Amino acid sequence: MKKKKNSDAPHIDEHVVDNMGKVMTTNDGVPVFDNNNTLKVGDRGPSLQQDHIFFDKLIHFDRERIPERVVHARGSGAHGVFEASEDLSSITTADFLKKGTKTPVFVRFSTVAGFKGSTDLARDVRGFSVKFYTQEGNYDLVGNNIPVFFIQDAMNFPDVVHAVKPEPNNEIPQAASAHDTFWDFISLMPEAAHMSLWVMSDRAIPRSLRMIEGFGVHTFKFINAEGKSTFVKFHWKPKLGVHSVAWNEAQKISGFDADFHRRDLWDAIENGQFPQWDLGVQLIPEEDEMKFSFDILDPTKIIPEELVPVKIIGTMTLNRNPENFFAETEQAAFDPGRLVPGIDFSDDPLLQGRIFSYMDTQNYRLGGPNFHELPINRPINGKHNNQKDGFSRIDILKGNTSYFPNSQSNGCPYQAMLKGEVGYQTGKQQVDGKKVRARSNSFADHFTQARLFFNSLSAEEQAHVINAFSFELSKVNTEDIRKRELAILNQVDPKLANAIGKNLGLKPAKSLDPLTLQFARQNHPNYPIQPNKPEVEKSAFLSMKVKDNDGSIKSRKIAFFVDDGVSKASVDKLKKNLEKEGAMVVLISSHVGKLKYKEGGEEPIQHTYLTDASVLYDGFYTPDGDSVAKLAQNPDYLQFINEGYRHCKALAFAKSAEQLAAKSFIEKDQGVIFESDPNWINNFIMALKKHRVWERENSRKVPS
Ligand code: HDD
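Quick note: the sequence shown, position 625, residue 625 per this note's numbering, numbers continuous.
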């Protein structure tokens, strides 16, 4: 497919280099005659120091790596466009939010803990960073797929990161929180209870980056033309719904395809299945700041959508893969401090710390203060100021002035106010207080919303949370840590703590561990305090369970088990129906090359029982044909269907293949569909739309 240029972002396109048909040159443009041999004294003699062509190549090569991000090192990016759909003019002056405005964006999704080359399917938070190239400068919304954070104050950020990263003595484990130091930290920080439940839920093992929600996490402010503020929380809602894989599946995907999410995003965009999200906002009038049972400045709290509904204000479509991973995705520099007129910070103490950290990190990681000039980071509306020099300066400033005020350049660049233009305005805010290092008492309720989250999940989702905590804490070697964490979970919900305790052979303590209390009292001397009564005990928006008649199979991957002699009619019948719904069919056979159909004719094949595994697919079909007898003898095939069944996926069997189900551990249920069932094609599609038959999970754990 020919790549579409993103004419919305010409500042990036103009830097794309095409080598096609060009002679190879040195970095100075000198044509290279021989790129295979160094300069030597005789063809068997020593190399010469004057080989500037060789040095030109090696010096660059030796410097190819830059420091990876200290967190969120593993990421995947894509270009797209955001289109605003609502009139928000009474609330914000933000130009890119004016109804009908189209703004180019670059998005980077990431995991947090793992190194740059780590697996995509780690149990982890996903970063969801969006750079809007607006006409009033770049705006970065640097969020996550989980709406709350582990800690309340940025002072603890390096600690939580050090705790989750591989342990410093042996650098084990990679991209995993299931180890002593992480749970040591979490079990001493009751404020982490809420987020730890989210991370132990299915949200932390997404089916696809195209199927995650995004959250700005903090409360921000919209500022209108009169300078009035409205508090705002940002939400990205994926059009494909929110879906996850099973934990057993996630671990296997990491082996079969560590790039599973990156590949999925790339392939979807290459195939024209552009992922989309609606951008939503929760708006809270300034006067309502203190109205809730929790503090809206506390980043460990959500505002339940029952209290403040999410208003959709636009849609983002990702429609173009980067030309070059390093130049775009790796060099993209996000920064929650990068705001545009009409948007401002709140005083959330975690956000306040972030304002410094990102700029600092980019200066280090990208080698100095000119990273704004890299094509991926350049504002589309240009930049004009008196900043100059520094490593790798790209812009060439004209004239003899680089100071302000000046008369030599007619006072340019001028301040917006000098010509009656508006520019960036900070929201007016009365601030009055003593300088203190302290935590507000309104931040001291750590369990009510953790309970709200747990209560809002379906029975299957709750079971997954219990299993995840049991898995992680079983991997912890120190029993005191397990006990401390169980005591925290007992404050959230005794059902949860007891179920995990059973798996750990421990009875949860009634009250918090003295060590946990000691740390909590450093922030809140009277801890624990009596929490306010919550407005809601459950929130319908927190569960990922697919509602009846909801769901879609767009871009889902369905494996068809074939071999030479398979019936083309049987393959085509279901394929046509699935493709009509937007799903993708992949044929899996015993060899690559050409597949021979029973009816005659051939088809190229690239996937085999050797290269692929059930965990890479959403559903399965075994068509009719001479292939059925071969599959009956193929243990890899049987493993495929057993495993697909174990992971609660939908499986369909053509008439002559129904007997194969009997050779496996599969039992008939609403996700196991036979061609002899009436309405089988529709039933299969319905089962796929449900994403998983989670109800199967507990009763039917089969070897696979
Ligand atoms: Fe952060 C990267 C999200 C708290 C310091 N963070 C980073 C990225 C995301 C987030 C998505 C990757 C950006 C990219 O794709 O390049 N971080 C969050 C969220 C937080 C949060 C949602 C809490 C609500 N972060 C946070 C705090 C600090 C940082 C409190 C420090 C005080 N984060 C960083 C950083 C990183 C970063 C060290 C590493 C690489 C980078 O910035 O560009 O500055």
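Idealized CB from N, CA, C, for every residue including glycine.
Predicted, not measured: the structure shown is a model, and the values here were computed from it.
DSSP three-state assignment for residue i, whether helix, strand or coil
{"i": "Lys576", "result": "helix"}
{"i": "Asn144", "result": "strand"}
{"i": "Asn138", "result": "strand"}
{"i": "His218", "result": "coil"}
{"i": "Asn35", "result": "coil"}
{"i": "Val340", "result": "coil"}
{"i": "Val585", "result": "strand"}
{"i": "His235", "result": "strand"}
{"i": "Ser442", "result": "helix"}
{"i": "Glu86", "result": "coil"}
{"i": "Lys594", "result": "strand"}
{"i": "Met417", "result": "helix"}
{"i": "Ile303", "result": "coil"}
{"i": "Pro531", "result": "coil"}
{"i": "Ala9", "result": "coil"}
{"i": "Lys99", "result": "coil"}
{"i": "Ala652", "result": "strand"}
Cβ-Cβ distance between residue i and residue j below 7 angstroms
{"i": "His72", "j": "Gly127", "result": "yes"}
{"i": "Pro31", "j": "Val41", "result": "no"}
{"i": "Ala122", "j": "Ile343", "result": "no"}
{"i": "Ile500", "j": "Phe471", "result": "no"}
{"i": "Leu587", "j": "Ile605", "result": "yes"}
{"i": "Ala154", "j": "Ser118", "result": "no"}
{"i": "Leu297", "j": "Ser346", "result": "yes"}
{"i": "Val585", "j": "Leu578", "result": "yes"}
{"i": "Arg646", "j": "Ser704", "result": "yes"}
{"i": "Phe185", "j": "Ala163", "result": "yes"}
{"i": "Lys689", "j": "Ile553", "result": "yes"}
{"i": "Gly100", "j": "Val340", "result": "no"}
{"i": "Pro322", "j": "Thr329", "result": "yes"}
Integer Cβ distance of residue i from residue j, believed to fall under 8 angstroms
{"i": "Ile269", "j": "Ala78", "result": "6 angstroms"}
{"i": "Gly625", "j": "Lys649", "result": "So it is not a contact: roughly 22 angstroms between Cβ atoms."}
{"i": "Pro299", "j": "Leu350", "result": "4 angstroms"}
{"i": "Ser129", "j": "Phe334", "result": "4 angstroms"}
{"i": "Leu638", "j": "Ser664", "result": "5 angstroms"}
{"i": "Phe106", "j": "Leu209", "result": "Wrong, their Cβ atoms sit about 14 angstroms apart, outside the cutoff."}
{"i": "Phe640", "j": "Phe541", "result": "Actually they do not touch by this definition, with Cβ atoms about 36 angstroms apart."}
{"i": "Lys233", "j": "Trp277", "result": "That pair is no contact at about 15 angstroms."}
Environment of residue i [buried if 16+ CB atoms lie within 10 Å]
{"i": "Cys412", "result": "exposed"}
{"i": "Ser407", "result": "exposed"}
{"i": "Gly214", "result": "buried"}
{"i": "His591", "result": "exposed"}
{"i": "Asn736", "result": "Within the shown structure, residues of the chain are numbered from 1 to 704, placing residue 736 beyond reach of any answer."}
{"i": "Phe454", "result": "buried"}
{"i": "Thr426", "result": "exposed"}
{"i": "Asn386", "result": "exposed"}
{"i": "Pro158", "result": "exposed"}
{"i": "Thr478", "result": "exposed"}
{"i": "Lys131", "result": "buried"}
{"i": "Gly280", "result": "buried"}
{"i": "Tyr364", "result": "exposed"}
{"i": "Arg692", "result": "buried"}
{"i": "Lys102", "result": "exposed"}
{"i": "Thr611", "result": "exposed"}
{"i": "His243", "result": "buried"}
{"i": "Ala459", "result": "exposed"}
{"i": "Asn523", "result": "buried"}
Whole-angstrom distance between residue j and residue i, CA atom to CA atom
{"i": "Asn642", "j": "Ile59", "result": "53 angstroms"}
{"i": "Ala710", "j": "Met544", "result": "This structure does not reach residue 710, given that the chain is present from 1 up to 704, and the question cannot be answered."}
{"i": "Ser47", "j": "Thr26", "result": "19 angstroms"}
{"i": "Pro528", "j": "Arg203", "result": "29 angstroms"}
{"i": "Lys116", "j": "Ala258", "result": "12 angstroms"}
{"i": "Val431", "j": "Ile481", "result": "41 angstroms"}
{"i": "Phe54", "j": "Glu64", "result": "16 angstroms"}
{"i": "Asn324", "j": "Ile212", "result": "24 angstroms"}
{"i": "Ile302", "j": "Leu660", "result": "49 angstroms"}
{"i": "Ser196", "j": "Tyr597", "result": "52 angstroms"}
{"i": "Phe294", "j": "Ile223", "result": "23 angstroms"}
{"i": "Glu461", "j": "Lys98", "result": "39 angstroms"}
{"i": "Ala9", "j": "Glu86", "result": "23 angstroms"}
{"i": "Met192", "j": "Pro304", "result": "Correcting the residue type first, residue 192 is Ala in the shown sequence and not Met. Rounded to whole angstroms, Ala192 to Pro304 spans 18 angstroms at the Cα level."}
Min CB distance residue i to chain B below 7 angstroms
{"i": "Leu638", "result": "No chain B appears in the structure shown, which is made up of a single protein chain."}
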